[in-house]
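Reviewing the structure listed below.
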Amino acid sequence: MNDRREVCMPVMNERFLAALQRLPYFRRLLHHVYALHDELDLIKSRMDVPDELFHRFQKERDLDDYQEVYEREEPLVSVYVPTYNRCALLVERAVRSVLNQDYPNFELIVVGDHCTDNTAELLAGIDDRRLRFVNLPERGAYPRSPEWRWMVAGISAVNHALGMVRGDFITQLDDDDEYTPDRLGCLVRFARETRADVIWHPFWRETSSGKWQLHRAERFRRFHVTNGSVFYHRWFSSILFDENAYMLREPGDWNRFRKFVYLGARTLRYPHPLLRHYRERNQTAP
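Just so you know, we're using numbering that gives the first Met the number 0 here: the sequence shown kicks off at 0 and counts up by one.
Structure (C-alpha coordinates):
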(Lines of atoms letter the chains of each structure in order from A and count residues from 1; the text may use other names and numbers.)
(Lines give C-alpha, C1' and ligand atoms only; values in the text may rest on other atoms or scores of the structure.)
Protein backbone atom coordinates (compact mmCIF):
# COMPACT_ATOMS: atom_id res chain seq x y z
CA MET A 1 0.00 0.00 0.00
CA ASN A 2 1.45 3.30 -1.06
CA ASP A 3 1.22 6.07 1.48
CA ARG A 4 1.28 9.00 -0.88
CA ARG A 5 0.78 12.42 0.54
CA GLU A 6 0.20 15.60 -1.33
CA VAL A 7 2.48 18.42 -0.22
CA CYS A 8 0.88 21.77 -0.76
CA MET A 9 3.31 24.63 -1.28
CA PRO A 10 2.19 28.21 -0.79
CA VAL A 11 1.64 29.98 -4.04
CA MET A 12 3.37 33.30 -4.39
CA ASN A 13 1.16 35.70 -6.24
CA GLU A 14 2.54 38.21 -8.67
CA ARG A 15 2.13 41.15 -6.29
CA PHE A 16 4.17 39.40 -3.61
CA LEU A 17 6.92 38.51 -6.07
CA ALA A 18 6.96 42.07 -7.34
CA ALA A 19 7.29 43.34 -3.77
CA LEU A 20 10.26 41.03 -3.16
CA GLN A 21 11.98 42.43 -6.20
CA ARG A 22 11.51 45.94 -4.82
CA LEU A 23 13.01 45.22 -1.39
CA PRO A 24 16.24 47.12 -2.16
CA TYR A 25 14.14 50.13 -3.10
CA PHE A 26 12.16 49.96 0.15
CA ARG A 27 15.36 49.64 2.17
CA ARG A 28 16.71 52.80 0.55
CA LEU A 29 13.39 54.53 1.15
CA LEU A 30 13.42 53.56 4.83
CA HIS A 31 16.98 54.87 5.13
CA HIS A 32 15.84 58.22 3.72
CA VAL A 33 12.91 58.32 6.15
CA TYR A 34 15.25 57.77 9.11
CA ALA A 35 17.60 60.43 7.77
CA LEU A 36 14.69 62.85 7.46
CA HIS A 37 13.68 62.20 11.09
CA ASP A 38 17.26 62.90 12.17
CA GLU A 39 17.26 66.17 10.24
CA LEU A 40 13.94 67.20 11.80
CA ASP A 41 15.32 66.45 15.27
CA LEU A 42 18.27 68.72 14.60
CA ILE A 43 16.01 71.50 13.32
CA LYS A 44 13.77 71.28 16.39
CA SER A 45 16.78 71.27 18.70
CA ARG A 46 18.26 74.28 16.90
CA MET A 47 15.03 76.13 17.65
CA ASP A 48 14.75 75.30 21.35
CA VAL A 49 18.39 75.04 22.50
CA PRO A 50 19.92 78.46 23.25
CA ASP A 51 23.16 79.30 21.45
CA GLU A 52 24.70 80.10 24.83
CA LEU A 53 24.13 76.53 26.02
CA PHE A 54 25.62 75.08 22.84
CA HIS A 55 28.80 77.15 23.13
CA ARG A 56 29.08 76.54 26.88
CA PHE A 57 29.10 72.77 26.39
CA GLN A 58 31.69 72.97 23.62
CA LYS A 59 33.93 74.99 25.94
CA GLU A 60 33.40 73.18 29.25
CA ARG A 61 33.66 69.68 27.83
CA ASP A 62 37.45 70.05 27.50
CA LEU A 63 38.00 71.51 30.96
CA ASP A 64 39.58 69.51 33.79
CA ASP A 65 36.43 69.85 35.90
CA TYR A 66 34.43 68.01 33.23
CA GLN A 67 37.03 65.34 32.51
CA GLU A 68 38.00 64.53 36.09
CA VAL A 69 34.95 62.30 36.66
CA TYR A 70 36.47 59.76 34.26
CA GLU A 71 39.62 59.57 36.40
CA ARG A 72 37.87 58.55 39.62
CA GLU A 73 37.99 54.86 40.49
CA GLU A 74 34.49 54.87 41.97
CA PRO A 75 32.61 57.95 40.73
CA LEU A 76 29.29 58.66 42.40
CA VAL A 77 26.26 57.62 40.33
CA SER A 78 22.89 59.31 40.88
CA VAL A 79 19.86 57.14 40.19
CA TYR A 80 16.51 58.90 40.35
CA VAL A 81 13.05 57.35 40.27
CA PRO A 82 9.83 59.35 39.75
CA THR A 83 6.76 57.65 41.19
CA TYR A 84 3.05 58.03 41.80
CA ASN A 85 0.92 55.79 44.01
CA ARG A 86 2.26 52.34 43.26
CA CYS A 87 4.44 51.73 46.27
CA ALA A 88 4.53 47.92 45.95
CA LEU A 89 6.07 47.94 42.47
CA LEU A 90 8.36 50.79 43.43
CA VAL A 91 9.81 49.06 46.48
CA GLU A 92 9.75 45.42 45.40
CA ARG A 93 11.02 45.95 41.87
CA ALA A 94 12.67 49.30 41.12
CA VAL A 95 14.19 50.22 44.49
CA ARG A 96 15.29 46.66 45.21
CA SER A 97 17.06 46.40 41.85
CA VAL A 98 19.07 49.55 42.61
CA LEU A 99 19.97 48.61 46.19
CA ASN A 100 21.11 45.18 44.93
CA GLN A 101 23.67 46.65 42.53
CA ASP A 102 27.18 45.23 42.75
CA TYR A 103 28.53 48.78 42.41
CA PRO A 104 28.40 50.46 45.85
CA ASN A 105 28.94 54.18 45.25
CA PHE A 106 25.53 55.52 44.26
CA GLU A 107 22.70 57.62 45.60
CA LEU A 108 19.06 56.72 45.01
CA ILE A 109 16.61 59.61 44.82
CA VAL A 110 12.89 58.82 44.75
CA VAL A 111 10.52 61.72 44.06
CA GLY A 112 6.80 61.27 44.52
CA ASP A 113 4.47 63.17 42.21
CA HIS A 114 2.28 64.00 45.24
CA CYS A 115 1.83 60.37 46.32
CA THR A 116 -1.19 59.77 48.55
CA ASP A 117 -0.60 56.08 49.30
CA ASN A 118 1.90 54.63 51.77
CA THR A 119 4.98 55.18 49.60
CA ALA A 120 6.63 57.33 52.28
CA GLU A 121 6.07 54.74 55.01
CA LEU A 122 7.46 51.86 52.95
CA LEU A 123 10.56 53.81 51.94
CA ALA A 124 11.12 54.98 55.51
CA GLY A 125 11.35 51.33 56.50
CA ILE A 126 14.39 50.78 54.26
CA ASP A 127 17.58 51.25 56.27
CA ASP A 128 20.00 52.48 53.63
CA ARG A 129 21.63 55.90 53.83
CA ARG A 130 21.97 56.04 50.03
CA LEU A 131 18.18 56.36 49.66
CA ARG A 132 16.40 59.73 49.78
CA PHE A 133 12.69 60.39 49.28
CA VAL A 134 10.84 63.63 48.57
CA ASN A 135 7.10 63.89 47.97
CA LEU A 136 5.95 66.92 45.96
CA PRO A 137 3.23 69.00 47.67
CA GLU A 138 1.03 68.93 44.55
CA ARG A 139 0.68 67.04 41.27
CA GLY A 140 2.34 68.23 38.13
CA ALA A 141 0.20 69.80 35.41
CA TYR A 142 -0.34 67.26 32.63
CA PRO A 143 -2.53 67.28 29.50
CA ARG A 144 -6.02 65.90 30.06
CA SER A 145 -6.01 63.59 27.08
CA PRO A 146 -4.43 60.16 27.77
CA GLU A 147 -3.28 60.24 24.15
CA TRP A 148 -0.74 62.91 25.08
CA ARG A 149 -0.40 62.47 28.85
CA TRP A 150 1.91 59.46 28.65
CA MET A 151 4.46 61.56 26.77
CA VAL A 152 5.10 63.83 29.75
CA ALA A 153 3.91 61.75 32.72
CA GLY A 154 6.07 62.37 35.78
CA ILE A 155 8.04 65.29 34.37
CA SER A 156 7.48 67.46 37.45
CA ALA A 157 8.94 64.74 39.67
CA VAL A 158 11.81 64.11 37.26
CA ASN A 159 12.83 67.76 37.06
CA HIS A 160 12.74 68.03 40.85
CA ALA A 161 15.02 64.99 41.07
CA LEU A 162 17.47 66.53 38.60
CA GLY A 163 17.79 69.47 40.98
CA MET A 164 18.80 67.08 43.78
CA VAL A 165 21.41 64.90 42.07
CA ARG A 166 25.00 65.08 43.30
CA GLY A 167 26.57 62.33 41.21
CA ASP A 168 29.28 62.33 38.57
CA PHE A 169 27.02 60.26 36.34
CA ILE A 170 23.23 60.37 36.18
CA THR A 171 20.60 57.82 35.20
CA GLN A 172 16.86 57.28 35.63
CA LEU A 173 14.72 54.26 36.46
CA ASP A 174 10.94 54.13 36.07
CA ASP A 175 9.17 52.88 39.17
CA ASP A 176 7.90 49.70 37.49
CA ASP A 177 11.17 48.67 35.82
CA GLU A 178 14.34 47.04 37.11
CA TYR A 179 18.07 47.07 36.47
CA THR A 180 20.25 44.00 36.13
CA PRO A 181 22.50 43.74 39.23
CA ASP A 182 25.64 44.70 37.29
CA ARG A 183 24.24 47.71 35.43
CA LEU A 184 25.90 50.57 37.28
CA GLY A 185 29.27 48.83 37.49
CA CYS A 186 29.28 47.96 33.78
CA LEU A 187 28.38 51.49 32.71
CA VAL A 188 30.86 53.19 35.04
CA ARG A 189 33.68 51.04 33.65
CA PHE A 190 32.53 51.65 30.09
CA ALA A 191 32.33 55.42 30.69
CA ARG A 192 35.82 55.52 32.19
CA GLU A 193 37.25 53.49 29.32
CA THR A 194 35.61 55.48 26.53
CA ARG A 195 35.00 58.93 28.10
CA ALA A 196 31.61 58.95 26.41
CA ASP A 197 29.30 61.80 27.37
CA VAL A 198 26.16 59.70 26.96
CA ILE A 199 25.82 55.91 26.96
CA TRP A 200 22.80 53.84 25.98
CA HIS A 201 22.24 50.10 25.87
CA PRO A 202 19.82 47.37 24.71
CA PHE A 203 17.04 46.30 27.05
CA TRP A 204 14.45 43.59 27.54
CA ARG A 205 10.86 44.70 27.10
CA GLU A 206 7.70 42.89 28.05
CA THR A 207 5.27 42.27 25.19
CA SER A 208 1.48 42.35 25.38
CA SER A 209 1.53 38.55 25.66
CA GLY A 210 3.79 38.69 28.72
CA LYS A 211 6.88 37.43 26.91
CA TRP A 212 10.26 39.13 26.93
CA GLN A 213 11.69 40.58 23.74
CA LEU A 214 15.18 41.98 23.30
CA HIS A 215 15.24 45.54 21.99
CA ARG A 216 18.69 45.87 20.49
CA ALA A 217 18.58 49.68 20.45
CA GLU A 218 20.99 49.86 17.54
CA ARG A 219 20.89 53.65 17.29
CA PHE A 220 20.47 56.56 19.67
CA ARG A 221 17.14 57.74 18.35
CA ARG A 222 13.45 57.98 19.18
CA PHE A 223 11.85 54.66 20.22
CA HIS A 224 15.30 53.03 20.40
CA VAL A 225 16.05 54.38 23.88
CA THR A 226 14.07 54.78 27.06
CA ASN A 227 14.80 56.67 30.27
CA GLY A 228 16.19 53.61 32.00
CA SER A 229 18.56 52.71 29.17
CA VAL A 230 20.54 55.97 29.15
CA PHE A 231 23.49 56.94 31.39
CA TYR A 232 25.19 60.33 31.12
CA HIS A 233 27.72 62.82 32.48
CA ARG A 234 26.53 65.10 35.27
CA TRP A 235 26.79 68.17 33.00
CA PHE A 236 23.54 67.19 31.28
CA SER A 237 21.53 67.26 34.51
CA SER A 238 21.09 70.99 33.87
CA ILE A 239 18.94 70.19 30.82
CA LEU A 240 15.46 69.62 32.19
CA PHE A 241 12.49 67.82 30.66
CA ASP A 242 10.04 69.99 28.72
CA GLU A 243 6.50 69.64 30.07
CA ASN A 244 5.19 70.81 26.68
CA ALA A 245 6.97 68.11 24.66
CA TYR A 246 3.63 66.51 23.83
CA MET A 247 2.73 69.58 21.76
CA LEU A 248 5.43 68.44 19.34
CA ARG A 249 3.89 64.94 19.45
CA GLU A 250 7.15 63.88 21.05
CA PRO A 251 7.85 61.75 24.15
CA GLY A 252 9.47 63.79 26.89
CA ASP A 253 12.54 61.55 27.11
CA TRP A 254 13.42 61.84 23.43
CA ASN A 255 12.62 65.56 23.44
CA ARG A 256 15.42 65.84 25.98
CA PHE A 257 17.86 63.33 24.53
CA ARG A 258 17.81 64.85 21.03
CA LYS A 259 19.11 68.04 22.64
CA PHE A 260 22.11 66.07 23.91
CA VAL A 261 22.81 65.04 20.31
CA TYR A 262 22.45 68.59 19.04
CA LEU A 263 24.91 69.89 21.63
CA GLY A 264 27.50 67.51 20.23
CA ALA A 265 27.53 64.91 22.99
CA ARG A 266 29.60 61.84 22.23
CA THR A 267 27.08 59.00 22.42
CA LEU A 268 28.19 55.37 22.59
CA ARG A 269 26.24 52.11 22.72
CA TYR A 270 27.03 49.56 25.42
CA PRO A 271 26.34 46.21 23.72
CA HIS A 272 24.57 44.22 26.45
CA PRO A 273 21.02 44.57 27.87
CA LEU A 274 20.97 45.98 31.41
CA LEU A 275 17.28 46.78 31.96
CA ARG A 276 13.92 45.03 32.12
CA HIS A 277 11.24 47.38 30.82
CA TYR A 278 7.84 46.14 31.99
CA ARG A 279 4.52 46.64 30.28
CA GLU A 280 2.59 48.56 32.94
CA ARG A 281 0.38 51.60 33.09
CA ASN A 282 2.37 54.79 32.55
CA GLN A 283 4.06 55.90 35.73
CA THR A 284 2.61 58.96 37.46
CA ALA A 285 -0.43 58.89 35.14
CA PRO A 286 -3.66 59.80 36.96
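All C-beta atoms in this analysis are idealised placements derived from N, C-alpha and C, irrespective of residue type, glycine included.
In this text, all values refer to a predicted model and were calculated from it rather than measured experimentally.
Completely contained beta strand (DSSP E) runs for the stretch 133 to 199, where each covers 3 or more residues | 168 to 171, 197 to 199
Could you check if F56 is buried or exposed, using at least 16 other CB atoms within 10 Å of its CB as the buried criterion?
-> Along the sequence shown, read from residue 1 onward, the residue named residue 56 stands at position 57. Buried.
With C-beta atoms as the reference, is G153 less than 8 Å away from D112?
-> Along the sequence shown, one-based indexing puts residue 153 at 154. Along the sequence shown, one-based indexing puts residue 112 at 113. Contact: yes.
By Cβ distance, which residues of its chain are closer than 8 Å to F219, with the 5 residues on each side in sequence left out?
-> In the sequence shown, the residue the question calls residue 219 occupies position 220. Same-chain partners within the cutoff: V197, W199, F256, V260, T266, R268.
Since L121 is in the alpha helix (DSSP H), which residue starts that stretch and which ends it?
-> By 1-based counting over the sequence shown, the position of residue 121 is 122. 118 to 123 is the extent of the alpha helix (DSSP H) around L121.
Spell out the partners DSSP gives I108 in its beta bridges.
-> For the purposes of this step, residue 108 is identified with residue 109 of the sequence shown, where counting begins at 1. BP columns for I108 point to Y79, R131.
Once you ignore the five residues that flank T115 on each side, which residues in its own chain have a CB closer than 8 Å to its CB?
-> For the purposes of this step, residue 115 is taken as the residue at position 116 of the sequence shown. Cβ within range, chain order: N84.
Would L89 pass as a contact of D174 if the rule is Cβ separation under 8 Å?
-> Position 90 of the sequence shown, counting from 1, holds the residue named residue 89. Position 175 of the sequence shown, counting from 1, holds the residue named residue 174. Yes, the Cβ-Cβ distance between L89 and D174 is below 8 Å.
Would you kindly work out how many angstroms separate the C-alpha atoms of L273 and P49, rounded to a whole number?
-> Your numbering for residue 273 matches position 274 in the sequence shown. Your numbering for residue 49 matches position 50 in the sequence shown. About 34 Å.
Would you kindly work out how many angstroms separate the C-alpha atoms of W147 and W253, rounded to a whole number?
-> Within the sequence shown, numbered from 1, the residue matching residue 147 stands at position 148. Within the sequence shown, numbered from 1, the residue matching residue 253 stands at position 254. Cα to Cα, W147 sits roughly 14 Å from W253.
Nearest CA to the CA of R233: which residue from R128, V133, V164, E72?
-> The residue you call residue 233 lines up with position 234 of the sequence shown. For R233, the nearest C-alpha among the options comes from V164.
Please classify N229: does DSSP put it in a helix, a strand, or coil?
-> As a working mapping, residue 229 is identified with position 230 in the sequence shown. Note on identity: in this sequence residue 229 is Val, with Asn being the wrong assignment. In this structure, V229 counts as strand in the three-state DSSP scheme.
Are R194 and Y69 closer than 8 Å when you measure CB to CB?
-> Position 195 of the sequence shown, counted from the start, is the residue given in the question as residue 194. Position 70 of the sequence shown, counted from the start, is the residue given in the question as residue 69. Against a cut-off of 8 Å, the Cβ pair of Y69 and R194 comes out as a contact.
Pair within 8 Å by beta-carbon distance, V99 and P180 | Walking along the sequence shown from the start, residue 99 turns up at place 100. Walking along the sequence shown from the start, residue 180 turns up at place 181. The question names Val, but residue 99 in the sequence shown is Asn. Yes. Within cutoff.
Which residue comes first and which comes last in the alpha helix (DSSP H) that contains E51?
-> As a working note, residue 51 is residue 52 in the sequence shown. Its alpha helix (DSSP H) spans residues 50 to 59.
Would you please state the rounded distance, in angstroms, between the beta carbons of M150 and Y245? I believe it to be under 8 Å.
-> Reading the sequence shown from its first residue, position 151 is the one you call residue 150. Reading the sequence shown from its first residue, position 246 is the one you call residue 245. Contact flag correct, Cβ pair sits at about 4 Å.
Would you decide whether F308 is buried or exposed? Buried here means 16 or more other CB atoms lie within 10 Å of its CB.
-> Residue 308 falls outside the range modelled here, since the chain spans only 0 to 285, and no answer is possible.
Apart from the five residues on each side of it in sequence, which residues of its chain come closer than 6 Å, Cβ to Cβ, to R182?
-> Taking the sequence shown and counting its residues from 1, one reaches residue 182 at position 183. Taken in chain order, the residues that qualify are L273.
Tell whether a beta-carbon distance below 8 Å holds between A86 and N117.
-> Position 87 of the sequence shown holds residue 86. Position 118 of the sequence shown holds residue 117. Strictly speaking, residue 86 in this sequence is Cys, with Ala absent from that position. A contact, by the Cβ cut-off of 8 Å.
With DSSP as the reference, label E91 as helix, strand or coil.
-> Within the sequence shown, residue 91 is the residue found at index 92, counting from 1. Note: E91 maps to helix in three-state DSSP.
Whose C-alpha, out of N104, H54, A156, F168, is nearest the C-alpha of P136?
-> Your numbering for residue 136 matches position 137 in the sequence shown. Per the Cα distances, A156.
Residues near V97 in its chain [Cβ-Cβ closer than 6 Å; skip 5 each side] = Sequence index remark: in the sequence shown, residue 97 carries index 98 (1-based). Here the set comprises V78, L107.
From L52, A119, V224, L161, residue whose alpha carbon lies closest to that of F240 = Position 241 of the sequence shown, counted from the start, is the residue given in the question as residue 240. Comparing Cα-Cα distances from F240 to each of L52, A119, V224, L161, the minimum goes to L161.
Proximity to R129 [Cα-Cα], best of P145, E120, G166, N158 = Working through the sequence shown from its first residue, we reach residue 129 at position 130. Of the listed residues, the one whose Cα sits closest to R129 is G166.
Taking W203 as the reference, give the member of E192, T82, T225, V187 with the closest Cα.
-> By 1-based counting over the sequence shown, the position of residue 203 is 204. When only C-alpha atoms are compared, the closest one is T225.
Specify, as a first and last residue, the run of the alpha helix (DSSP H) that W253 falls within.
-> As a working mapping, residue 253 is identified with position 254 in the sequence shown. Counting along the chain, the alpha helix (DSSP H) containing W253 begins and ends at 251 to 262.
Can you give me the start and stop residues for the beta strand (DSSP E) that Q212 sits inside?
-> As a first step, residue 212 is located in the sequence shown; it is residue number 213 there, counting from the start. Here the beta strand (DSSP E) through Q212 covers 211 to 214.
So what's F222 in DSSP terms, helix, strand or just coil?
-> Indexing the sequence shown from 1 puts residue 222 at position 223. Correct three-state label for F222: coil.
Taking only the alpha-carbon atoms, compute the straight-line gap between E73 and N104 and give it to the nearest angstrom.
-> Here the question's residue 73 lines up with position 74 in the sequence shown. Here the question's residue 104 lines up with position 105 in the sequence shown. About 6 Å.
Please classify F240: does DSSP put it in a helix, a strand, or coil?
-> By 1-based counting over the sequence shown, the position of residue 240 is 241. Reduced to three states, the DSSP call for F240 is coil.
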